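A short write-up of the structure that comes next.
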Amino acid sequence: MPLILPLLLAVVLFCIGVYGVLARRNVITLLMSFELMLNAVNLNLVAFDAWRINDATGQTLAVFVITLAAAEIGLGLAIVLLLFRGHGHVDADAARDLAEQDELVEQEKAT
Amino acid sequence: MTTALFSVAGAVALIASLFVVTSQRIVHAALWLVVALGAIAGCFGVLHAEFVALVQILVYVGAIVVLVLFALMLTKAPTNPLPSLTTGRSPFAAVVAAVLALILGTGVVLAFGNEKIKPVADGSAQAVGTQVFKTWVLPFEVLSVLLLAALIGAIALSVRKKED
């Protein structure tokens, strides 16, 4: 089996994740796109492990990344629920509490 | 044989993940995520990383997607199609993703275009466990501390204040 096959699959999956992060509005769909990107990384780790190393190092790191993803989604969804409780929406574009004050004033002038 | 199996699993993963980022119903996107993650678990299985495949199904499909579905439920996500789910800048996002794919893909083809892999059966829990407790003990402990920190952080974030 050519090594290029899993690597290209990982590249395309990662770029689909990038598209999702840039184009989606709902915070939960952003988190789903993050999961796709992390999975592309895992695929790379496992493919390189099967290519040359063959001592399960890449697989161990893939398991570590899966653990990290679990921690990330837990914290992320807690933040999402907090956002929903405070604002009543989960729109990433409308959550502008941390925007710079000048920018907000300019926007208010424009509208 | 492995190439054919991997191609099928990879194609399923690709199509499902495209639906994840383009579906107008947010619950459908979450369910397509199950298909995509399961197909990637199949890819791991073809590469003889059976333990990683099982962990992927347990943690991703079993825990993370359920968490996402709970979050959708708790944020009152609508089940009808929402065209506003994708912002107006999606063409730019598509261009960025395509250019990135082109650059990364060219690099990968140039670097590893002729390499072959012969997956050998080394993905048992024993092999991974030996690696974890022989070479990667310190990262393993750091990860457990990180999980504890994430747990405490999630509790601290979601606890309600008295005055609310």
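Protein chains in written order, with the working numbering: chain A, 26 to 136; chain B, 974 to 1137. Glycine is no exception: its CB is placed at the ideal position from the N, C-alpha and C atoms. Quick caveat, the model's predicted, so the values are computed rather than measured.
Measure from the C-beta of residue i to each C-beta in chain B and report whether the shortest distance is under 8 Å.
i: Gln84 (chain A); result: yes
i: Met57 (chain A); result: yes
i: Asp118 (chain A); result: yes
i: Ala75 (chain A); result: yes
i: Leu123 (chain A); result: no
Starting from the beta carbon of residue i, find every residue of chain A whose beta carbon is closer than 8 Å, and list them in chain order.
i: Leu1138 (chain B); result: A question about residue 1138 (chain B) goes unanswered here, because the residues of chain B that appear run from 974 up to 1137.
i: Gly1086 (chain B); result: Ile29
In chain B, which residues lie with their C-beta within 8 Å of the C-beta of residue i?
i: Gly99 (chain A); result: Leu1040, Ala1123, Leu1124 and Ala1127
i: Gly45 (chain A); result: Val993 and Val994
i: Glu60 (chain A); result: Leu1006, Leu1010, Tyr1033 and Ile1037
Under DSSP, the alpha helix (DSSP H) around residue i begins and ends at which residues?
i: Trp1005 (chain B); result: Ile999 to Val1019
i: His112 (chain A); result: Thr82 to His112
i: Gly1063 (chain B); result: The displayed chain sequence assigns Ser, not Gly, to residue 1063 (chain B). Counting along the chain, the alpha helix (DSSP H) containing Ser1063 (chain B) begins and ends at Ser1063 to Phe1085.
i: Val1115 (chain B); result: Val1110 to Ser1131
i: Val43 (chain A); result: Ile29 to Ala48
i: Gln1104 (chain B); result: Ala1098 to Lys1107
i: Lys134 (chain A); result: Gln126 to Ala135
Between residue i and chain A, is there a C-beta pair that is closer than 8 Å?
i: Phe979 (chain B); result: yes
Give the single residue among the options whose Cα lies nearest to the Cα of residue i.
i: Ile1030 (chain B); options: B:Pro1051, B:Val1007 and B:Met1046; result: B:Val1007
i: Pro1064 (chain B); options: A:Leu47, A:Thr54 and A:Leu55; result: A:Leu47
i: Gly1102 (chain B); options: A:Gly99, A:Ala124 and A:Val88; result: A:Val88
i: Thr1060 (chain B); options: B:Lys1134, B:Gln997, B:Ala1044 and B:Thr1079; result: B:Gln997
i: Pro1090 (chain B); options: A:Phe73, A:Asn67 and A:Leu106; result: A quick correction: the sequence has Ile, not Pro, at residue 1090 (chain B). If we check each option's Cα against that of Ile1090 (chain B), A:Phe73 comes out closest.
i: Pro1056 (chain B); options: B:Phe1085, B:Ala1066, B:Ile999 and B:Val1028; result: B:Ile999
i: Leu1047 (chain B); options: A:Leu56, A:Asn69, A:Leu106 and A:Glu60; result: A:Leu106
For residue i, go through chain A and note every residue whose CB falls closer than 9 Å to its CB, in chain order.
i: Lys1089 (chain B); result: Met26, Pro27, Leu28 and Trp76
i: Leu1116 (chain B); result: Phe89, Thr92, Leu93 and Ala96
Can a CB atom of chain E be found closer than 8 Å to the CB of residue i?
i: Gln997 (chain B); result: This model lacks chain E altogether, as its protein chains are A and B.
Could you check whether the Cβ of residue i sits closer than 7 Å to any heavy atom belonging to the ligand ADP?
i: Asn51 (chain A); result: For the ligand ADP, the structure offers nothing, since it holds no ligand at all.
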